[in-house]
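Engineer:
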Amino acid sequence: MFTTEFTKEQIAKFEFDFRELKTVKDKYAFWKNTLLENYSLYVSDNPQFKINPNTPKEFEDLNKLILEDEITKSKNPFANVVLTIEGLRSKFFNDILNVVDKKKFIQFEISTVIEEINLTSRPEIVKPQMLGRSFWNHPDNNNVQRECFVKAYKDCYLNGKVVEFDKEVYSPYLLVPLNNGMVYAQYHIFLNDQLDSLNEKKSKKEVTTLPKQLLLLHYLGILDKFDLSDNKKSSLFSILLNGDKENIRKALPNFIGNQLREIKNEKHLQEIANLLKESGLNKEYQTVQNDILKLKTGKL
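Each residue of the sequence shown is one higher than the one before, starting from 1465 at the first, in the working numbering.
1) Considering Cα atoms alone, identify which of Leu1733, Tyr1634, Phe1478 is closest to Leu1757.
2) By Cβ distance, which residues of its chain are closer than 8 angstroms to Met1646, with the 5 residues on each side in sequence left out?
3) Taking the alpha-carbon positions, what's the Asn1510 to Ile1475 distance?
4) Between Leu1655 and Val1577, how many whole angstroms is the CB-CB distance? I'm expecting something under 8 angstroms.
5) Starting from the C-beta of Ile1736, find all residues in its chain whose C-beta is less than 8 angstroms away, skip the five residues before and the five after it, and write them out in chain order.
6) Where does Leu1662 sit, in a helix, a strand or coil, going by DSSP?
7) Are Val1546 and Val1640 close, meaning C-beta to C-beta below 8 angstroms?
8) Rounded to whole angstroms, what is the Cα-Cα separation between Lys1665 and Thr1673?
9) So, helix, strand or coil for Leu1745, using DSSP?
10) In three-state terms, what does DSSP make of Leu1561?
11) What's the gap between the Cα of Thr1471 and the Cα of Ile1574?
12) So the candidates are Arg1483, Asp1694, Asn1502; which of them puts its Cα closest to the Cα of Thr1468?
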């Protein structure tokens, strides 16, 4: 019954003590501390010590305890790999820290996730890392695990549904792929959010620097040099400035007549003046300096 040999008297006492316990956590701890066994491995042979949850919280507690055991065991290279969203996020932030092109790194991570899902969806290619190495040599089990993994991923990623651990008790054989599929979906969503955030920051930075860039072109005489529509100008300047065409098109009307005064703040003008001076464009530099003086005296 157990790897440790207990007397009949000891077993009888254990059964009495076990029945007296009230919570799932206490009963699960009893297996570890008194019976000295892993609950999931030995409960089928010892039904008198089976934990029977009665409420959704008790179901959830038992599944979490079983999963925690699997996480502890996963430190062993021959045990199941149990993913956690905290672990994946932590690794992501550590890995991206010294990466120069962070956008490409995130895109690569996303493509890796998609590749893993596509591979796992194919019956002939099942990665033991994702499904649990313990069952790698059992093809029938792998098919069930594969289906659990992919379903949990799709439910979470496509429909925002998490695995309901409060409805039934899962064996590690199903619990691990269900958990890993859900966590992989959460990581995929996390990566999408990181990419969106990076693009948003880039867009905000571009909007901030765009007025200065166009102001520089204005003082260089390039902005109005060509008799083109704003659409054609925005196409041309988007290539020249490596910027967003639509943002440039929206900004161009601000460089006409009185609206130009709103763009010419002292900070922008001083930065442009310094750049022109460093480039040896003395005539243009003096024009900007004159505008700075007019701005200070309210004559601009």
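A virtual CB, placed ideally from N, CA and C, is assigned to each residue, including glycine.
Only a predicted model underlies this, so the values are computations on that prediction, with no experimental measurement involved.
Structural biologist: Looking at the atomic coordinates:
1) Leu1733
2) Ala1616, Tyr1617, Asp1619, Cys1620, Val1626, Val1627
3) 11 angstroms
4) 7 angstroms
5) Lys1676, Leu1679, Leu1680, Tyr1683, Val1752
6) helix
7) yes
8) 12 angstroms
9) coil
10) coil
11) 56 angstroms
12) Asn1502
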